[in-house]
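Chemist: I have a structure I would like to understand better, so I am pasting it below and will then ask my questions one at a time.
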Amino acid sequence: MVIGNSPSAKSDAMKYPKMLFKTTIIALIFILMAITCVSADYSSVAVINQITGKVVYPGDSVEFPITVESCYNDSDDAWCNMVVKDVPQGWSAGFYEDNDQITNLLFPEDNNQPEDIVLRVNIPSNTSSGAYSIWAEFKPDDGDTISREFTVTVDTNAEPNLDLYSTTPGMETRSTDTVEYIATLVNKYDYRVTVSLNAIGNPEDWSIQFLQEIDDEDYRQTKLSVAADSEQQFIVKVKPSQNATDGVYPFEIQAIPENGKNGVSMGLDLTINNGLEEEEMLTISQSTSSIALNPGSSKEIYVTLRNSGDETLNNVELKVQDVTGLTTEVRSFGTINELEAGESWDTSIEITARADASPGTKELLMRAVSDEAQSKDGSVEVTIEKSSSSGFIGIGLVFAAIVLLVIVISKFGRR
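According to this note's numbering, the sequence shown is numbered sequentially starting from 515.
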């Protein structure tokens, strides 16, 4: 029996080379695929960015958002070094996270949450219009370096991304008054911007404060944070020196971003005109304008103090002038720490004529004063009179004393 010559043996012998060839081809395909994966940008981290180009104004800065994440799925630590490899001469660029500059990212084994960072590029103010490239490299602990190109187009006709304005850039007041400008800061960036607020060009003895109204309360501030594509109002409170002479006083308000980009400024004017009619902020009124007293007698009058202005008055006090022959006492009233706009305060004054007061009419003046304003004088005419009834009473007392003396003598004098 010759097995090698059988038909089935020939068929099996032909199948083995074909199967070996197919197996070899499949193995080569997998090997080539593996080699391709290793050589084709394999990395322990992934870099994701959707924005690669922006248009800016010379002297401005831009930020490109970037997300870096680990590819290990909690199986191992991963880290990445970041370098700005190519940047135009005179420019500066770096990676930032929460406004802190960084050069490395670490992804622990048990926490591989993606990290959101920004590439911040500062453009010199003398940069010519045109498109400029910045190359950044991300070097992981394992795998190939990842390169990204970002394009910054400088356009001298582009609008600045920050704007500062006031709808009332010029005001007029007296040197003893305080004024408030309403200012608005506009942020056209696609990210939040924090700025420092400064005043320049104002006289040294003037007071300029920046205020933010929160829940009907004014708070002083030196910085302002504005969300992306939004605007924020704030108050510029100006108090000139009391001896400022008439004239126009220009000054500037600046908003300087923390991240080094160009700031913005606006000019304001304050005209001092001491001839302006004074608006009475603090007023005083009393229940009567005249009273009559006998020597030694007293009367009480009621007084109302009112804040007729639009701002709080501090340390409000009622002062009464000293007048010969009269004594005064302000009841239930010392100094009011604060008198809010539109509020009033009631008190009373007891006026006494001294026993030795001479007859006649006297004018008693009173005034309300505060740290910010004072009222016009209020007055009460006090007439001191010796009534005829008091004379009759005196005569009657003398007559009664004489009668009493006669009775005593007649009854006991003959003993």
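By construction, the Cβ of each residue, glycine as well, lies at the ideal position given by its N, Cα and C atoms.
Everything numeric in this text was worked out from a predicted model, so none of it was measured.
Between the alpha carbons of L784 and V666, how many angstroms are there, rounded?
Modeler: 41 Å
Chemist: Taking the beta strand (DSSP E) that A742 belongs to, which residues open and close that run?
Modeler: A742 -> no beta strand (DSSP E), and no H or E assigned at all.
Chemist: Is it right to say F724 is buried, meaning 16 or more other beta carbons lie within 10 angstroms of its own, or is it exposed?
Modeler: Buried, by the Cβ-count rule.
Chemist: Is there contact here, the segment 556-569 with the segment 600-611, by at least three beta-carbon pairs under 8 Å?
Modeler: The count of Cβ pairs closer than 8 Å, one atom from the segment 556-569 and one from the segment 600-611, stays below three, leaving the stretches out of contact.
Chemist: According to DSSP, is I815 part of a helix, a strand, or is it coil?
Modeler: I815 falls in the strand class under three-state DSSP.
Chemist: Going by DSSP in three states, V601 sits in which element: helix, strand or coil?
Modeler: coil
Chemist: Given a cut-off of 8 Å on the beta-carbon distance, is the pair L796 and A855 in contact?
Modeler: By the CB criterion at 8 Å, L796 and A855 fall outside the cutoff.
Chemist: Can you give me the start and stop residues for the beta strand (DSSP E) that I660 sits inside?
Modeler: I660 to V668
Chemist: Quick check on DSSP: helix, strand or coil for V917?
Modeler: helix
Chemist: By Cβ distance, which residues of its chain are closer than 8 Å to G777, with the 5 residues on each side in sequence left out?
Modeler: L676, V709, Q768, A769, I770 and P771
Chemist: Can you grab the Cα-Cα spacing for the pair E623 / G657, in whole Å?
Modeler: 17 Å
Chemist: Tell me whether S822 sits in a helix, a strand or coil according to DSSP, three-state version.
Modeler: Three-state DSSP puts S822 in coil, outside helix and strand.
Chemist: Between the alpha carbons of R688 and E857, how many angstroms are there, rounded?
Modeler: 24 Å
Chemist: Starting from W720, trace the beta strand (DSSP E) both ways and give me its first and last residue.
Modeler: No residue range can be given for W720, since it is assigned to no beta strand (DSSP E) and is classified by DSSP as neither H nor E.
Chemist: Measuring straight from C-alpha to C-alpha, what distance separates I728 and Q735?
Modeler: 12 Å
Chemist: What is the DSSP secondary structure of I923, reduced to helix, strand or coil?
Modeler: Here I923 sits in helix by DSSP.
Chemist: Taking the CB atoms as reference points, tell me whether F765 and N716 lie closer together than 8 Å.
Modeler: yes
Chemist: Would a C-beta distance cut-off of 8 Å place V569 and D669 closer than the cut-off?
Modeler: Yes, Cβ-Cβ distance for V569 and D669 is below 8 Å.
Chemist: How would you call R634, buried or exposed, if buried means at least 16 neighbouring beta carbons within 10 angstroms?
Modeler: buried
Chemist: If you pair each beta-carbon of the segment 830-837 with each one of the segment 864-881, do three or more pairs fall below 8 Å?
Modeler: yes
Chemist: Is the beta carbon of E895 sitting closer than 8 Å to the one on S812?
Modeler: Against a cut-off of 8 Å, the Cβ pair of S812 and E895 comes out as no contact.
Chemist: Compute the distance between the beta-carbons of Y695 and L827, then report whether it is under 8 Å.
Modeler: no
Chemist: So, are the CB atoms of M596 and N618 less than 8 Å apart?
Modeler: Yes, the Cβ-Cβ distance between M596 and N618 is below 8 Å.
Chemist: Use the C-beta contact count for A554: other C-beta atoms within 10 angstroms, 16 or more gives buried, fewer gives exposed.
Modeler: Legend: pLDDT at A554 = 37, less than 50; position of this residue unreliable, value from coordinates given subsequently. When all chains shown are included, A554 counts as exposed.
Chemist: Here's the rule: buried if 16 or more other CB atoms are within 10 angstroms of the residue's CB, otherwise exposed. What is Q888?
Modeler: buried
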